[in-house]
Every structure is written in structure tokens, then in C-alpha cells.
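Inspection log for the structure reproduced underneath, given as C-alpha cells.
Residue numbers (this note's numbering): 3 to 340.
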């Protein structure tokens, strides 16, 4: 399988740098790559027509954008996402790596079903399905609650869980930087409820980074969950605000400071919601941001939750090939067997 990367008109980055990024990304996925330059919509259309594998076009050409099974559209700078189209944006040069991954995953391991749980274009969940009696995983992505990060972050875990015999639901939701904190909380709650209504087996929520905070909130607020797994979770909001975590991301997400919004922080901060009735597993890479390592240790000491801390960085915890993810699933299997 080869990935086609089309560098189209209006490109603002160095083509050689993007080509090197594409080659590195493709090699990590075990696929080939072909990078071509295009000076027009017509040339881009012709390049795509002559390729039957996964492809990425950057900048996104809105004259061609469709919900293609093979093409992901990527803009290096932040822009309005195109509804209903595999369109990533705002992650800079590194974002080309995520666009290539998304294109390959979509083709190699197609989504079984996409379900809308609301009317907004970002209110959906994608299923990669296993057997009839399979346990259910709900994946909640992170990205410091910013709209440039999306559910594609959890593609690889969804595929791995489906291969392990799970129903893996990858949940998208409105992020608070564009829609406000109440919309985010309402969406993840409604999304999980819609998934629960479709299944009778155990439901485990896996949340990464900012999604770890959302997973623990769900564990506090949504009845019937079996387990909440926080993967490098941002789970001490008041202290994270004081330390400026994520360049002030917590203040932007919640809409103010703990002093200005005490009730919002009390409801949102996992540290303020202890104890939880739903069991919690904390997973943390020892090579991650030391403030995240610290927060997870402090939360574990305060709550009695199981903390699995192993070598790894912030993204190793959502990398199926990593030792820390294999250890995570061994722990989850043991907890479900009890």
C-alpha cells in the first residue's frame, strides 16, 4: 500500500520538510509514500484519480472535498472544519503525520458504522465492531479540549480494541474553545448514553489527556459504567490551572479561573469529585510532562485508584505497539474478570 500526498496550491510550508515528514510517517505505518506537487485543482483531481490507495491533500482543496473513503484533507493552520468530511486542521507540519495515519487507518480498518447522537456535525461516534457479546469501549480523545484535535487521535486504539474482540466506539464532541464548556459536557454525556442504549455488556470509557478528565467526569455522572481508564489524564484542574498547564488551556476550556467559576471547577475537576463509585484505572507514562505524572500520583494517593505508571511519553499510552498500552489492557482484562 502506498500513500499519496498532494502538496497543492497555496502551500505555506517548505515542501522538502513536508516530504520528509511524510516519508517518516509512512515508514512508521509500514507503507510506501509518493509526494507530488500540484499547481491547480485540476492537477490535484488528476493525481487523486490516478491513485487507488490512501491519500492526503494539503492545503485542503474545498472545490474537491468530499467524504471520500480514501482521501483526508489537511490544513496546517486552524480553519473551520468541513462538516461530514475527513478534514483535519490546525496542527502544523506535525499534523501531516496524523493526516497520513488517519488516511491509512480508514482504508485498512474501515469503520463499521457512524452514529449521530445529536444534530451538530461534531456529535457522532464511530464503531469498529467485534462479536455479539463483546465488551464495549468508548474512546474519548484529548488535545487540551481544543478543536484542532479530533477523534482521529484514537483511531489506532479503536482498531486495536476491535482486534482484541471489543466493540470500539470513537466519540467526537464539541470542544469548548468554540462551543463552550457546557456543550462539551453535554455531548460526552449524551454520546455515552446513546452507546449504552445499544449494548448490554460492560462499558469501559478510555480517555486520553484532556479526555482522561472527561472519562472521570463520566464515571462520576453516568450510571452503569463498568470502568473508567484515564490515559495520561489531565485530572487536577485547579492545580493544573495554577501551574499554567497546556499554556493556559484549562482557563480557556472552562471559561475562567477557579476563583471566578468555583461551581464549574467543582463539577469538572476530578480531584474534587473523589470518591467515585465507578472503578478507575490511571495510566501514566513516566516520561510525560512531570506535572501530569505528579497529578496522577496525587490523585491515586487521594482516591485509592490503581495507578499504572510505566516508561513512555504522552502518546505511548495510546500507541497499540507500546509496552505501556499492552500493560494497560492486561490490567483492564484483570479488572473485568473480577
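We put the beta carbon where it would ideally sit given N, CA and C, even for glycine. A quick note: this is a predicted structure, and the numbers were derived from the prediction, not measured.
According to DSSP, simplified to helix, strand and coil, what is residue i?
i	result
residue 139	strand
residue 69	coil
residue 40	coil
residue 336	helix
residue 352	Residue 352 falls outside the range modelled here, since the chain spans only 3 to 340, and no answer is possible.
residue 305	helix
residue 238	coil
residue 312	strand
residue 150	coil
residue 157	helix
residue 6	strand
residue 57	strand
residue 171	strand
residue 134	coil
residue 27	helix
residue 278	coil
residue 294	helix
So, is the C-beta of residue i closer than 9 Å to a C-beta in chain D?
i	result
residue 231	Within the model displayed, chain D is absent; a lone protein chain is all it includes.
Could you work out which residue in the options is closest to residue i when comparing CA atoms only?
i	options	result
residue 46	226, 11 and 30	11
residue 256	107, 215, 150 and 15	215
residue 81	151, 73, 19 and 175	151
residue 97	109, 75, 331 and 114	75
residue 142	129, 167, 120 and 172	172
residue 5	336, 107, 308 and 244	107
residue 271	13, 223 and 122	223
residue 121	61, 238, 185 and 336	185
residue 246	291, 78 and 309	291
residue 189	217, 31 and 39	217
residue 240	300, 156 and 283	300
residue 92	77, 159 and 31	77
residue 327	29, 267 and 319	319
residue 38	50, 32 and 30	50
residue 154	113, 30 and 254	113
residue 59	86, 90, 176 and 33	90
residue 220	244, 269 and 243	269
residue 136	175, 145, 337 and 167	167
residue 358	181, 57, 94 and 317	Residue 358 falls outside the range modelled here, since the chain spans only 3 to 340, and no answer is possible.
What are the boundary residues of the beta strand (DSSP E) that includes residue i?
i	result
residue 14	No beta strand (DSSP E) contains residue 14, which DSSP labels as neither H nor E.
residue 285	282 to 287
residue 319	Residue 319 -> no beta strand (DSSP E), and no H or E assigned at all.
Can you give me the start and stop residues for the alpha helix (DSSP H) that residue i sits inside?
i	result
residue 33	First-last for residue 33: undefined, no H or E at that position.
residue 252	251 to 256
residue 265	264 to 270
For this session: Jot down the residue ranges of each uninterrupted beta strand (DSSP E) in the region 78 to 124, minimum 3 residues, whole runs only, in chain order.
Result: 89 to 91 and 115 to 118
Exercise. Quick one: complete alpha helix (DSSP H) runs, 4+ long, within the region 175 to 230?
Worked result: 178 to 181, 183 to 198 and 212 to 223
For this session: Please determine if the region 233 to 244 and the region 282 to 289 are in contact, where contact requires at least 3 C-beta pairs separated by less than 8 Å.
Result: yes
For this session: Mind the definition here: the region 252 to 262 touches the region 202 to 210 only if three or more C-beta pairs lie below 8 Å; say whether that holds.
Result: no
Exercise. Between the region 161 to 171 and the region 220 to 228, do at least 3 Cβ pairs fall closer than 8 Å?
Worked result: no
Problem set entry | At least three beta-carbon pairs within less than 8 Å, the region 20 to 32 to the region 100 to 120 | yes
For this session: Mind the definition here: the region 192 to 199 touches the region 238 to 258 only if three or more C-beta pairs lie below 8 Å; say whether that holds.
Result: no
Exercise. Do the region 266 to 277 and the region 294 to 310 make contact, defined as three or more Cβ pairs closer than 8 Å?
Worked result: yes
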